[in-house]
Amino acid sequence: MKGLFLCAALLLILVPAATAQDNPSLVSFSAVPFISLPMGNSPDFFDPGYGGELELSFSPAAFRGFGFGMNAEYFILPLKTQDSIWIGSVQAGPTYLIRLGKRFSLFARGGAGYYTHDAMGWEREGSSSGSFTYGGGGGLSFRTGGAFSLGLGLSYDYYNYLYNGLSASLYGRFDFDRDRKERALKDYTETQEIQIEEMKNDGTGVEIQEIQVISLYPVLYKYYDSHPIGSVKIVNNESVAAKDVALQFYMEQYMDNPMEIGEKFTLESGEEKTIELYGLFTEDMMEITEGTKASARITLSYSLADAKESRDYTKVMEVKDRNALVWDDDRKIASFITAKDPQILSFAKKVSNWMQEFENPAVDANLQKGMILFEAVKSYGVRYEVDPATPFAGASSETAFVDFIQFPRQTLEYTTGDCDDLTALYCALLESVGIPTAFITIPGHIYMAFGLKSSPDESRKTFSRRSDLIYTEDMTWLPVEITMFQDSFAEAWQQGAKQWRENESKEQASLYLTQESWQQYQAVGFKESAGGGLDMPGRSDVTAEFVKSISRFVDQEIYPQKAAIQAQMDKSDKKYIYRNKLGILHARYGLYDQAEEYFTDINRERVFLPSLLNMGNISFIRNDYQEALKWYNQVLEKDGDNKKALLGSARCNHELENYGMVSSAYSELKRSDPVLAQQFAYLELRGSEGRRASEAQGGVDQVLWEDEE
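Quick note: to get the numbering used here, add 1205 to the position in the sequence shown (first position is 1).
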C-alpha cells in the first residue's frame, strides 16, 4: 500500500511540472478503468476483478513516439472461497504512440514494478505481502477534440506468486503540449512580457496595491481597446465601504484622452478587487520605429463617507517597434495585411487592369488575378530571404520571441522578405482587388491561399487537379508557396498544395481566413516618411508571363481530359459524338478556334443538332449575334422545342434589341423549361435596365453547351 501511495504522490508532482514546461514534446496523462480476467491457474482461485489505473507518460519530440511511462493501479479480485482481496501496484517502462491519420492512434506500453495486496471483508493472519510484477499491453484511441482522447485497450499482467490475468480497459487520455498551436490558445496575457510592480502605499483609504502590465505592440493598437493590457489590484483599507470607485488609464504620447475603465463600483471594507486595464491608443503608435518606454498614468477615484478622493499612479510601460510581433496567435499577422494602403491598392489595381486584354473568359477570374499579381511581384524582383535575426521557423516555435515583420509596402520597397513578409504582401495585393485570402501555418512555416470564384462543387467538376485545392464549406482555396516567386505560378501552387496535404494529414496545418482574422486583429494604417510612390514593373514583361501561365494551366487541364475522350472515340462507331465533346472541352477553356474546327468537321458530315447549337454559342461569345441566330434557328427548324436554342435565340434578339422576337422565344422557353427561364429573367427587361441585368447575370460569359449523345 505504501508503494501505491508513493506512486500517486509522484504523479501529482510530475503532472503539474510537466505541463508547466513550454516544451513541444508529448506529455500524456491517462485514467483507465478496467476489468481483469484470470489466466493460467488463477481461475481456480479467483473470479474476474475490476479496478482502475493512473498513467503518466513522456515522449520527447526527437524519439518520434517512443517514450517512458509510469502507472499506478488498484483493483479488487473476488476469491472463490472468501470475499476478495485488493492489489495495488506500481510499474514503469517504455511506451509507444503512433498516429493513424487525423484522429486515431495506436498505443503500447510495457513495464515492471512492485505490487502489494491484502484481504477485503475477511481477516487473515500476518501482514500484507507483495513481490515483483510485470506486464504490457496496447490499444487504439480516438481523439475526440482538443487534447483529449478515448480508447480501448488490452493488457496482460503477471503478479509473482499470486495472480496473472488479461485486462480489458477503457482509456481516457489527455495530451499536454501537443503542439504549438494548442499552446497558443492560452489567454493572451499569459504569453506576454508581464511587468508586475507592488505599490508603496500608506495603508489608508482606497489604494492600488499592485499594477501588472504587458509590453505593447504598436501594430495591435486597435486591439487594446477591447483586450486587456494589464490589471491593477485595488484594496479598501477603511472600515466603511468606498463608493463610486472608478479608474482611468492615460498614456499622454499615444492617447487623445484618458480612458474610463469599466463602470463605477462599490468596494466594501477590507475588500480587494482586480480590474483589467484597456487603452484607446492613436495611430501615432505606428510612428515608433525603435522600441521605447512611455509613462502611463492610472487615476483611482472614489467616495468615502461622502468625501471624494483621488490618487494618481505612474507606471513606465515598454512599447515595441511597429514591426514587432509575438506568435502566440498566428492570426495576428492579419494586422500587417494592409489591403487599403494607397500604394498597395494602386499597385494591385493597375496590374489587374493589365489582365483585361489577355484574360481567358473561360478560366476562373480570381485564379487569373492571382496569376498576374504573382507575375507582377516576380517581375518586380521580390525574392525570398530568411531573416537571420528572426527567422519564422524559430520565432513561431517560441511564443514569447519577438519577431520583425514587414508591412507589404516595405517588402516591395526592400524587394526581399521572409515567409511571413511575403505572405502579408501577397494577401494584401489580392484582398485589395476583392479576392478573399487565407494564411496557412505548418510547423516552422507560413504561406497563403486565395479563394476562387468557383464553388467547391463547381471546382471539383472543372479542375483536373482536385487534390491541389483546399475545400471549406462554401469556398475553394488555391494554396500558393509564396517563397517561390523566382519560379512559375504552377510550381508555387503545386508546392503549396503538397505542403498542405502532408501536414493536414498529420493535423499540423491550419487555415486562417484573413477577413475573419481582421475581426480580431484589424489591419492598421501604415505611416511612412514622405516620398515617391512605388515604381511599377514592366507591363509587357508581366503580361507576357501571365499569358504563359494561363496557357500552361489550360494545357495541363485539357490534355488528360482530351486523352480520355480520344480513347472513348477510338472505340466508338459514333465518332462525331466525341468530336463534339472535344469541341466543348476546348471551348470551355476559351480555345474557341480549336473548338470551332471540331464542330465544323461534324457539320460537314451530318446534321447534328448539338454541334449546330454549339457553333451558335461560339458566335454568341464573340458578340456576332446575327451569325449566332442563324445557327440557333437551324436547330429550331429541326426541333422547335429545343430549350437551349430558344434561350440562345432570345438572348441574341435581346442584344439586338428585337424585343418582339425576344418575347416570342422567351415565352416558349418558359412553357418548356420554367426553371431555366427564371435563371435568365433579365430577358423580360428592356433597354439599359436589361443590359445592366444581363451584365449582372454574366453576359456572354455564360452559355449552355450541348453535349447530348
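All C-beta atoms, glycine included, are put in the ideal place defined by N, C-alpha and C. All figures in this text were calculated on a predicted structure; none of them were measured in a lab.
Just confirm the distance between the C-beta atoms of Leu-1635 and Thr-1642, as a whole number of angstroms; I'd bet it's less than 8 Å. Counting from 1 along the sequence shown, the entry for residue 1635 is found at position 430. Counting from 1 along the sequence shown, the entry for residue 1642 is found at position 437. Taking C-beta atoms under 8 Å as the contact rule, Leu-1635 and Thr-1642 qualify, at a distance of about 5 Å.
Could you tell me which uninterrupted beta strand (DSSP E) segments, each at least 3 residues in length, are contained entirely in the segment 1275–1324, listed from first to last along the chain? Counting only runs of 3+ residues, the beta strand (DSSP E) found wholly inside the segment 1275–1324 occupies 1289–1305, in chain order.
CA-to-CA distance, Tyr-1361 to Phe-1271, given in whole angstroms: Numbered from 1 along the sequence shown, position 66 holds the residue referred to as residue 1271. Numbered from 1 along the sequence shown, position 156 holds the residue referred to as residue 1361. One C-alpha to the other measures close to 20 Å.
In the DSSP assignment, what residue or residues form a beta bridge with Glu-1260? Position 55 of the sequence shown, counted from the start, is the residue given in the question as residue 1260. For Glu-1260, the pairing in a beta bridge is given by DSSP as Ser-1235 and Asn-1276.
Roughly how many angstroms separate the alpha carbons of Glu-1481 and Lys-1427, rounded to a whole number? By 1-based counting over the sequence shown, the position of residue 1481 is 276. By 1-based counting over the sequence shown, the position of residue 1427 is 222. Distance between the alpha carbons of Glu-1481 and Lys-1427 is about 17 Å.
State whether the segment 1435–1455 contacts the segment 1500–1516, with contact taken as three or more CB pairs (one from each stretch) at a distance under 8 Å. Yes: the two stretches touch, three or more of their Cβ pairs being nearer than 8 Å.
For the alpha helix (DSSP H) that contains Phe-1751, what are its first and last residues? The residue given as residue 1751 occupies position 546 in the sequence shown. 1744–1776 is the span of the alpha helix (DSSP H), which, as asked, contains Phe-1751.
In this structure, does DSSP put Glu-1894 in helix, strand or coil? Here residue 1894 refers to the residue found at position 689 when the sequence shown is read from its first residue. Correct three-state label for Glu-1894: helix.
Beta-carbon separation (whole angstroms), Ala-1886 vs Leu-1874, contact threshold 8 Å: As a working mapping, residue 1886 is identified with position 681 in the sequence shown. As a working mapping, residue 1874 is identified with position 669 in the sequence shown. The beta-carbon separation of Ala-1886 and Leu-1874, rounded to 11 Å, does not stay under the 8 Å limit for a contact.
Rounded to whole angstroms, what is the Cα-Cα separation between Gln-1414 and Asp-1461? Taking the sequence shown and counting its residues from 1, the one referred to as residue 1414 is at position 209. Taking the sequence shown and counting its residues from 1, the one referred to as residue 1461 is at position 256. Rounded to the nearest angstrom, the two C-alpha atoms are 27 Å apart.
Is the number of C-beta pairs between the segment 1695–1703 and the segment 1668–1676 that are closer than 8 Å three or more? At 8 Å Cβ cutoff, the stretches touch.
Taking the continuous alpha helix (DSSP H) assigned at Val-1840, which residues delimit it? Here residue 1840 refers to the residue found at position 635 of the sequence shown. Taken as a continuous stretch (DSSP letters only), the alpha helix (DSSP H) holding Val-1840 covers 1830–1843.
Segments assigned beta strand (DSSP E), at least 3 residues, entirely inside the segment 1401–1456: Given a length threshold of 3 residues, each whole run of the beta strand (DSSP E) inside the segment 1401–1456 is given here in chain order: 1411–1418, 1435–1441 and 1447–1455.
The beta strand (DSSP E) spanning Arg-1502 covers which residue range? Counting from one through the sequence shown, the residue named residue 1502 turns up at place 297. Where Arg-1502 is concerned, the enclosing beta strand (DSSP E) starts and stops at 1497–1509.
Apart from the five residues on each side of it in sequence, which residues of its chain come closer than 8 Å, Cβ to Cβ, to Met-1491? Locating residue 1491 in the sequence shown gives position 286, counting from the first residue. Hits under 8 Å: Pro-1423, Val-1424, Tyr-1426, Arg-1527, Val-1729, Gly-1730, Phe-1731 and Lys-1732.
Check whether the Cβ atoms of Ala-1447 and Val-1411 sit closer than 7 Å, and answer yes or no. Against the sequence shown, residue 1447 aligns to sequence position 242. Against the sequence shown, residue 1411 aligns to sequence position 206. Val-1411 sits close to Ala-1447, with the two beta carbons spaced by under 7 Å.
Starting from Met-1866, follow the alpha helix (DSSP H) in both directions and report where the run begins and ends. Within the sequence shown, residue 1866 is the residue found at index 661, counting from 1. Note, Met-1866: alpha helix (DSSP H), 1864–1877.
Measuring straight from C-alpha to C-alpha, what distance separates Asn-1847 and Pro-1879? As a first step, residue 1847 is located in the sequence shown; it is residue number 642 there, counting from the start. As a first step, residue 1879 is located in the sequence shown; it is residue number 674 there, counting from the start. Rounded to the nearest angstrom, the two C-alpha atoms are 13 Å apart.
Collapsed DSSP secondary structure at Glu-1387 in the structure displayed: Here residue 1387 is taken as the residue at index 182 of the sequence shown, counted from 1. Any reading at Glu-1387 is ruled out, since the residue's pLDDT is 38, under 50, leaving its predicted position unreliable.
Ile-1782, enclosing alpha helix (DSSP H) - first and last residue: Sequence index remark: in the sequence shown, residue 1782 carries index 577 (1-based). Where Ile-1782 is concerned, the enclosing alpha helix (DSSP H) starts and stops at 1780–1793.
Would you call the segment 1558–1566 in contact with the segment 1645–1662, where contact means no fewer than 3 C-beta pairs closer than 8 Å? When Cβ pairs closer than 8 Å are counted between the two stretches, the segment 1558–1566 is seen not to touch the segment 1645–1662, the count staying below three.
Count the other CB atoms within 10 Å of the CB of Gly-1738; is the residue buried (16 or more) or exposed (fewer)? As a first step, residue 1738 must be located in the sequence shown, where it is residue number 533. It counts as exposed.
What three-state label does DSSP hand Tyr-1808 in the structure shown? Taking the first residue of the sequence shown as 1, we reach residue 1808 at position 603. It is worth fixing the name first, because residue 1808 is Asn in this sequence and not Tyr. Collapsing the DSSP output to three states places Asn-1808 in a helix.
Run the CB neighbour count on Trp-1327, radius 10 Å, all protein chains shown included, and call it buried at 16 or more, exposed below. Residue mapping note: residue 1327 aligns to position 122 of the sequence shown, counting from 1. With fewer than 16 Cβ atoms within 10 Å of its Cβ, Trp-1327 is classed as exposed.
Runs of alpha helix (DSSP H) wholly within the segment 1614–1680 (minimum 4 residues, chain order): As summarised for the segment 1614–1680, the continuous alpha helix (DSSP H) elements at least 4 residues long and confined to that stretch are 1624–1637 and 1661–1667, given in chain order.
Cβ neighbours of Phe-1337 in the same chain (closer than 8 Å, five flanking residues each side left out): On the sequence shown, residue 1337 is found 132 positions in, with the first residue counted as 1. Hits under 8 Å: Ala-1317, Gly-1318, Tyr-1319, Tyr-1320 and Asn-1365.
Leu-1578 at chain C interface by Cβ criterion, 7 Å: The chain inventory of the structure shown lacks chain C, comprising one protein chain alone.
Is the Cβ-Cβ distance between Lys-1525 and Gly-1484 less than 7 Å? Counting from 1 along the sequence shown, the entry for residue 1525 is found at position 320. Counting from 1 along the sequence shown, the entry for residue 1484 is found at position 279. Gly-1484 is positioned such that its CB atom lies no closer than 7 Å to that of Lys-1525.
Measure how close the beta-carbons of Ser-1544 and Ala-1633 come, nearest whole angstrom, since I'm counting them as under 8 Å. The residue labelled residue 1544 in the question sits at position 339 within the sequence shown. The residue labelled residue 1633 in the question sits at position 428 within the sequence shown. Here residue 1544 turns out to be Ala, not Ser, going by the sequence shown. The pair is a contact, with the Cβ atoms about 5 Å apart (cut-off 8 Å).
Quick one, are the C-beta atoms of Leu-1371 and Leu-1242 less than 7 Å apart? As a position in the sequence shown, residue 1371 is number 166, starting the count at 1. As a position in the sequence shown, residue 1242 is number 37, starting the count at 1. The Cβ atoms of Leu-1371 and Leu-1242 lie closer than 7 Å to each other.
Cβ-Cβ distance between Thr-1620 and Val-1587 below 7 Å: Residue mapping note: residue 1620 aligns to position 415 of the sequence shown, counting from 1. Residue mapping note: residue 1587 aligns to position 382 of the sequence shown, counting from 1. Taking 7 Å as the Cβ cut-off, Thr-1620 and Val-1587 qualify as a contacting pair.
Which of helix, strand or coil does DSSP assign to Met-1741? As a first step, residue 1741 is located in the sequence shown; it is residue number 536 there, counting from the start. Residue state for Met-1741 is assigned as coil, using DSSP reduced to three classes.
Under 8 Å Cβ to Cβ from Arg-1811, same chain only, skipping five residues before and after it: list those, please. Looking up residue 1811 in the sequence shown gives position 606. A distance below 8 Å between beta-carbons, with the five flanking residues on each side excluded, links Arg-1811 to the following residues of its chain, in chain order: Tyr-1781.
Going by DSSP in three states, Pro-1265 sits in which element: helix, strand or coil? Counting from one through the sequence shown, the residue named residue 1265 turns up at place 60. Coil.
Asp-1392 to Val-1418, Cα distance in whole Å? Your numbering for residue 1392 matches position 187 in the sequence shown. Your numbering for residue 1418 matches position 213 in the sequence shown. Here the model assigns Asp-1392 a pLDDT of 39, short of 50, so the residue's position is not dependable, and the following value carries that caveat. Taking the straight line joining both Cα atoms gives about 14 Å.
N- and C-terminal bounds of the alpha helix (DSSP H) containing Met-1460: Locating residue 1460 in the sequence shown gives position 255, counting from the first residue. Careful: Met-1460 lies outside any alpha helix (DSSP H) and carries neither H nor E.
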